[in-house]
Amino acid sequence: IWPYLEVFADEAKNAVLAEFPGVPDLVVGHYSDGNLVAHLLCEDFGTTHCAAVHALEKTKYLFSDLRWADMEHDYHFSLQFTADLIAYNSADFIITSSFREIGGTNTEMGMFESYETYSMPGLYRVQSGLDPRLARFNIVPPGVNEEHFYPAHEKDRRVEAVRQHLVESTFGENPSEGSVGRLDKPDRPAIFAMSRIDKVKNLAGLVELYGKSKRLRKKANLVIISSETDASRSSDIEEIEQINRIYELRDQYQLDGVFRWRGARLDTVEIGEIYLLVADIKGIFVQPALMETFGLTVIEAMACGCPVVVTCFGGPAEIVEPGLSGEIENPNDHEAFADAIYRVISDKSVWEDRVRNGIERVRTAYAWSQHANKILSLTNLYSYWEYLNVMNRSSLDRYIHTLFHTV
421 IWPYLEVFAD
431 EAKNAVLAEF
441 PGVPDLVVGH
451 YSDGNLVAHL
461 LCEDFGTTHC
471 AAVHALEKTK
481 YLFSDLRWAD
491 MEHDYHFSLQ
501 FTADLIAYNS
511 ADFIITSSFR
521 EIGGTNTEMG
531 MFESYETYSM
541 PGLYRVQSGL
551 DPRLARFNIV
561 PPGVNEEHFY
571 PAHEKDRRVE
581 AVRQHLVEST
591 FGENPSEGSV
601 GRLDKPDRPA
611 IFAMSRIDKV
621 KNLAGLVELY
631 GKSKRLRKKA
641 NLVIISSETD
651 ASRSSDIEEI
661 EQINRIYELR
671 DQYQLDGVFR
681 WRGARLDTVE
691 IGEIYLLVAD
701 IKGIFVQPAL
711 METFGLTVIE
721 AMACGCPVVV
731 TCFGGPAEIV
741 EPGLSGEIEN
751 PNDHEAFADA
761 IYRVISDKSV
771 WEDRVRNGIE
781 RVRTAYAWSQ
791 HANKILSLTN
801 LYSYWEYLNV
811 MNRSSLDRYI
821 HTLFHTV
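Residue numbers (this note's numbering): 421 to 827.
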């Protein structure tokens with residue numbers, strides 16, 4: 421989509437002007453491509469630009485800057501990293517979901533830290549690319565929509581038709597098209613995961629650790645919903661590899677009867693209901709990613725009364741209070757991760773404790789209203805800063821303009 425973003429920005433500008441009685445007060449960009457479009461719109465409108473960070477790819481792929489040319493055909497890092505430099509430097513303020521995205525940890529580099537100094541041989545060398553110490557960075561984690569994500573005990577709010585459809589399509593004897601495996605005892609607790617398929621999301625790792633654990637297989641079913649289950653319908657090399665790997669693991673550990681894998685893209689109402697169904701059967705939501713920027717699915721599951729076991733890499737480790745609102749483990753340590761899952765689903769009192777604390781954690785820290793109000797407050801602040809020229813950005817803006825039209 422990169423070659424079409426300028427044209428899209430021009431057309432979006434006309435659509436926005438037709439929709440509003442004037443220019444908007446705020447444009448929020450999401451992801452690298454969306455923030456480049458937001459940058460172009462804000463240049464034309466003279467509007468405040470909020471850059472919402474979700475997943476900067478640079479830290480996810482080892483030596484993606486030094487070896488960018490080798491990966492260019494699949495990932496287009498030259499375009500993406502340049503767009504990041506332009507969009508995030510031009511933004512009036514930046515919101516991230518967690519501190520790790522900005523400053524990392526004692527052992528891991530933050531996503532923005534990785535853009536400060538780096539080299540892409542044959543393309544350019546970057547010094548002072550993105551400075552994570554500037555006052556433009558703000559931690560504003562997203563919130564859950566309370567209309568669709570609510571505790572399982574609030575049964576009068578549930579949509580019965582959606583519930584029945586998901587019971588049959590996900591847990592039943594006649595699942596929807598694109599489903600793999602069967603559940604001999606569908607009422608057993610479910611170890612549930614939901615994400616797209618790639619190496620970083622690590623769904624294959626979850627299948628492997630489940631297959632290795634005899635006591636998990638005896639206690640609970642493994643239920644996964646992902647973007648695809650048929651490698652022949654995918655054109656993404658990484659996705660194809662992971663799909664094939666899951667099939668290999670299913671056969672290796674003989675998971676027939678305890679494993680259901682469904683390829684589907686659920687809408688918001690269905691996503692909320694699937695968490696509620698997992699909570700109904702005393703199941704658990706797991707997030708085994710090798711790196712997760714924030715973990716929106718984690719707070720959605722917690723809001724619906726699902727206890728969680730999450731990766732120690734990335735945002736989920738800031739969401740979950742270990743031993744209170746969930747468990748945090750290294751997904752590379754299969755035994756420890758499996759033990760954490762078993763500890764929760766095998767003890768009713770622990771399960772109920774994690775549910776209760778998880779709901780409270782989301783209510784106090786991750787409500788959508790809190791997220792929206794904070795963005796509005798920051799918009800007022802940074803719009804005023806721009807009016808006063810607090811950041812003194814004129815030379816930076818000229819450089820960004822030159823970089824955009826040169827590269």
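We treat Cβ as the ideally placed atom computed from N, Cα and C, and that holds for glycine. Source: prediction; values computed, not measured.
**OP:** Note down, in chain order, each residue of its chain lying with its Cβ closer than 7 Å to the Cβ of Y828, except the 5 sequence neighbours on either side.
**Re:** The chain is shown only over 421 to 827; residue 828 falls outside these bounds and no answer can be derived.
**OP:** Starting from M491, follow the alpha helix (DSSP H) in both directions and report where the run begins and ends.
**Re:** Counted as a single uninterrupted DSSP element, the alpha helix (DSSP H) harbouring M491 occupies residues 488 to 495.
Original post:
Since S518 and E738 are thought to touch, with beta carbons under 8 Å apart, how far apart are those beta carbons, to the nearest angstrom?
Top reply: Between the beta-carbon of S518 and that of E738 there is about 5 Å, and that keeps the pair under the 8 Å contact cut.
Original post:
Could you check where the alpha helix (DSSP H) with W805 kicks off and where it finishes?
Top reply: Bounds of the alpha helix (DSSP H) holding W805 are 788 to 808.
Subject >> Distance between S766 and C724 (C-alpha atoms, nearest Å) >> reply: About 20 Å.
Original post:
Excluding sequence positions up to five away, which residues of its chain have a Cβ less than 6 Å from the Cβ of R781?
Top reply: Result list for R781: S745, in chain order.
Original post:
Cα separation between E590 and L697?
Top reply: The sequence as given places Thr at residue 590; Glu does not occur at that position. Approximately 10 Å, taken between the alpha carbons.
**OP:** Excluding the 5 residues preceding and the 5 following A475 in the sequence, name in chain order all residues of the same chain whose CB lies nearer than 6 Å to its CB.
**Re:** Only T713 meet the Cβ criterion.
Original post:
Hey, out of R520, N509, A787, whose CA is closest to Y819's CA?
Top reply: Per the C-alpha coordinates, the member of R520, N509, A787 positioned closest to Y819 is N509.
Subject >> Status (buried if at least 16 other CB within 10 Å, exposed otherwise) for N750 >> reply: Only exposed fits N750, as fewer than 16 other CB atoms lie within 10 angstroms of its CB.
Original post:
Leaving out five residues before and five after L456 in sequence, what residues of the same chain have Cβ atoms less than 7 Å from its Cβ?
Top reply: Scanning its chain for C-beta atoms nearer than 7 Å, with the 5 sequence neighbours on each side dropped, one finds around L456 the residues L425, A503, I506, A507, in chain order.
Original post:
Can you list the alpha helix (DSSP H) stretches of 4 or more residues lying completely in the stretch 672 to 730, in chain order?
Top reply: Taken in chain order, the complete alpha helix (DSSP H) segments of 4 or more residues contained in the stretch 672 to 730 are 688 to 700, 716 to 723.
**OP:** In the DSSP assignment, find the alpha helix (DSSP H) that holds H459 and state where it starts and stops.
**Re:** Element bounds for H459: 451 to 465.
Original post:
Is A572 closer than 8 Å to A699 when the C-beta atoms are compared?
Top reply: Here A699 is near A572, since their CB atoms are less than 8 Å apart.
Original post:
Alpha carbon to alpha carbon, what distance is there between G454 and I779?
Top reply: Answer to the nearest angstrom: the Cα atoms are 32 Å apart.
Original post:
Under the three-state reduction of DSSP, which class applies to N664: helix, strand or coil?
Top reply: In the three-state DSSP reduction, N664 falls in the helix class (H, G or I).
Original post:
In this structure, does DSSP put F483 in helix, strand or coil?
Top reply: If DSSP states are grouped into helix, strand and coil, F483 belongs with coil.
Original post:
In its own chain, which residues sit with a C-beta less than 8 Å from the C-beta of R653, not counting the 5 before and 5 after it?
Top reply: Around R653: no qualifying Cβ.
Original post:
Is the beta carbon of L437 less than 8 Å from the beta carbon of V447?
Top reply: For L437 and V447, no; Cβs fall outside 8 Å.
Original post:
Helix, strand or coil: how does DSSP classify P742 here?
Top reply: If DSSP states are grouped into helix, strand and coil, P742 belongs with the strands.
Original post:
Are the Cβ atoms of G384 and S647 separated by less than 8 Å?
Top reply: As displayed, the chain neither begins before 421 nor continues past 827, which places residue 384 out of reach and without an answer.
Original post:
Leaving out the 5 sequence neighbours to the left and right, which residues in its chain are closer than 6 Å to E747 when beta-carbon positions are compared?
Top reply: Shown here for E747: same chain residues with a beta carbon closer than 6 Å to its own, the five before and five after excluded, namely V729, A760 in chain order.
Original post:
Name the DSSP beta bridge partners of L623, please?
Top reply: Residue pairing by DSSP places L623 opposite no residue, since no beta bridge is assigned to it.
**OP:** Starting from R545, trace the alpha helix (DSSP H) both ways and give me its first and last residue.
**Re:** From DSSP, R545 is part of no alpha helix (DSSP H) but of the beta strand (DSSP E) over 544 to 547.
**OP:** Determine the closest residue to L816 out of D551, K638, R578, R776, with distance taken between C-alpha atoms.
**Re:** Per the Cα distances, D551.
Original post:
Can you tell me the Cα-Cα spacing of V600 and F440, whole angstroms?
Top reply: If I take the Cα positions, the gap works out to 47 Å.
Subject >> Euclidean distance between Cα positions of S534 and K478 >> reply: Approximately 7 Å, taken between the alpha carbons.
Original post:
Can you name the residues that DSSP bridges to E533?
Top reply: Answer is none; E533 lacks a bridge partner.
Original post:
Is the Cβ-Cβ distance between V443 and I795 less than 8 Å?
Top reply: No, these two residues do not count as a Cβ contact at 8 Å.
Original post:
Is the CB-CB distance between N641 and R680 below 8 Å?
Top reply: N641 places its beta carbon less than 8 Å from that of R680.
Subject >> Within 8 Å, strictly: CB atoms of I701 and D607 >> reply: D607 sits close to I701, with the two beta carbons spaced by under 8 Å.
Subject >> Expected contact under 8 Å - CB spacing of M531 and E521 to nearest Å >> reply: Their Cβ separation, rounded to whole angstroms, is 5 Å, which keeps M531 and E521 in contact under 8 Å.
Original post:
Can you name the residues that DSSP bridges to I645?
Top reply: In the DSSP output, where bridge partners are listed per residue, I645 has M614, R682.
**OP:** Assign G734 to one of three DSSP states: helix, strand, or coil.
**Re:** Strand, per DSSP.
**OP:** Report the three-state DSSP secondary structure of V579 (helix, strand or coil).
**Re:** It is coil, neither helix nor strand.
Original post:
Helix, strand or coil: how does DSSP classify V827 here?
Top reply: Reduced to three states, the DSSP call for V827 is coil.
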